[in-house]
Each structure stands twice: as structure tokens, then as C-alpha cells.
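Colleague: Residue numbers (our numbering), protein chains in the order written: chain A, 10 to 120; chain B, -6 to 107. All C-beta atoms, glycine included, are put in the ideal place defined by N, C-alpha and C.
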Amino acid sequence: DTAVSQTPKYLVTQMGNDKSIKCEQNLGHDTMYWYKQDSKKFLKIMFSYNNKELIINETVPNRFSPKSPDKAHLNLHINSLELGDSAVYFCASSYGGGGYTFGSGTRLTVV
Amino acid sequence: EDKVVQSPLSLVVHEGDTVTLNCSYEVTNFRSLLWYKQEKKAPTFLFMLTSSGIEKKSGRLSSILDKKELFSILNITATQTGDSAIYLCAVEDGANFGNEKLTFGTGTRLTIIP
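#1: The stretch 16 to 43 of chain A: which residues have C-beta closer than 8 Å to a C-beta of chain B, in chain order?
#2: Kindly indicate which three-state DSSP category D79 (chain A) falls into: helix, strand or coil?
#3: Do you know offhand how far I66 (chain B)'s Cα is from L4 (chain B)'s?
#4: By the 10 Å Cβ neighbour count, where 16 or more other Cβ atoms means buried, how is K50 (chain B) classified, buried or exposed?
#5: For N92 (chain B) and T13 (chain B), what's the separation of their Cα atoms in angstroms?
#6: Does the Cβ of S45 (chain B) have 16 or more other Cβ atoms within 10 Å, making it buried, or fewer, making it exposed?
#7: Tell me which residue opens and which closes the beta strand (DSSP E) that K(-4) (chain B) is part of.
#8: Have a look at A:P75, A:L83 and A:V120 and flag the residue whose alpha-carbon is nearest the alpha-carbon of E91 (chain A).
#9: With a cut-off of 8 Å, does the C-beta of I64 (chain A) fall near any C-beta of chain B?
#10: Check the Cβ of P36 (chain B) against every Cβ in chain A and list those closer than 7 Å, keeping chain order.
#11: Determine the closest residue to D39 (chain A) out of A:S113, A:A101 and A:T115, with distance taken between C-alpha atoms.
#12: E32 (chain B) to D79 (chain A), Cα distance in whole Å?
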């Protein structure tokens, strides 16, 4: 039973398209995150949600819109995709003080 | 802004060698420092350190934190090819419950030659 699962694992799409990545956690954690890992393997936080409330928004372009329908789900919608959006996107969750658990990542390639 | 610096950026050693990976940090509201191992997919948790001077061990891996000098080291003894990975250091920043976040370093790419 996967603790943090995200779909799809791979996404190849053309510039200008809109796409979504879904994330679900079954750990009962209150906080969920989206991280972006670039080609140099640098992991950087994008957003965090605590109990469906947006807590952290790290100067991410507003083409990126997270949505948390409940505390077990955090989806990421990206409008008007650009080449520079190509990266691996990781969802993670924590119980607020540790227990950070990452999903297996979604490799997004924009062509 | 929180900052985490890891060194070296890459390291190539022979199987059986011992390696030490370094992590220094600046963070506004320090809560903990974490080490992760990343192979092909998700970072997998190794250690969480909150107190200075207390070594955490797991098999051939160990880590220690110095909160005065703001750094941590990760040691791997008797390295094996399966240790080849990127090792990520992250600091947890969070003044209040619910607004915690991890800031990662750029990682150390470790390659073990058989």
C-alpha cells in the first residue's frame, strides 16, 4: 500500500497545453507539499497545504495552481506549459514535525 | 532565505572505502536536519537530527549534527556499490505548527567503483 502516490509517473506534452498531476497520501498527515526537482537534481519547495489551507507559496508562477479537496489529496494544475517547466515533480506529506514522505515523482517533459 | 550547502558535489571512491559527506546550513527557525538517499525515484529517508552531538547510526551509515557551527556530516563506512546514489541534506524550517518546510542542498553524487 503506497503511502504517497502520485499520477501520472510520466507526462509528455506540448508547449501551451494544460496538465494536472494528482497526489494522494494514506498516512493521515496534515501537511502536503509539492517540490520541483530540476535537471541538476536540485529539489525546491513550491507549495505546502495544511488541512486544505495554502500555507507556503514560494514565488511560483501563477500558471501553477495547487488544489487540495481534502487533507489526503493535493493536486497540481499547470496552465500554458513552457519548456522550462520540464522537471520531476514530487509530492510529499508530513505530520508537522517530521515524517516527511515523498511520492515517486512525476517526470514532466514539455516539447 | 534558508540556505543549505553540501560538499563535495560529487565523489568517486572504491568499494570498501569510507566516505564523509558534509552539509552546512543557514535557517531562520531551525527544527531539524534530515538526510535522504535518492537513487532513481523518490528520496528515501535516512536520518533526522535535532540535537547537537548525538550520533545517529543505521548499519554502516551514521550522522551527527553541530548546531553551534551549523553543519552535519554523514559517514558511510565499508562502502558498497549499492551505496551509489545522490545524498540530499535538508533543513526543516518552521516557526509554527503547520508551516514547516524542507530546504534542500544540491546533493552529493556518490559513485562506488567495484
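Modeller: Answer, in terms of the structure:
#1: D39, T40 and Y42
#2: strand
#3: 15 Å
#4: exposed
#5: 32 Å
#6: exposed
#7: K(-4) to S0
#8: A:V120
#9: yes
#10: F111
#11: A:A101
#12: 31 Å
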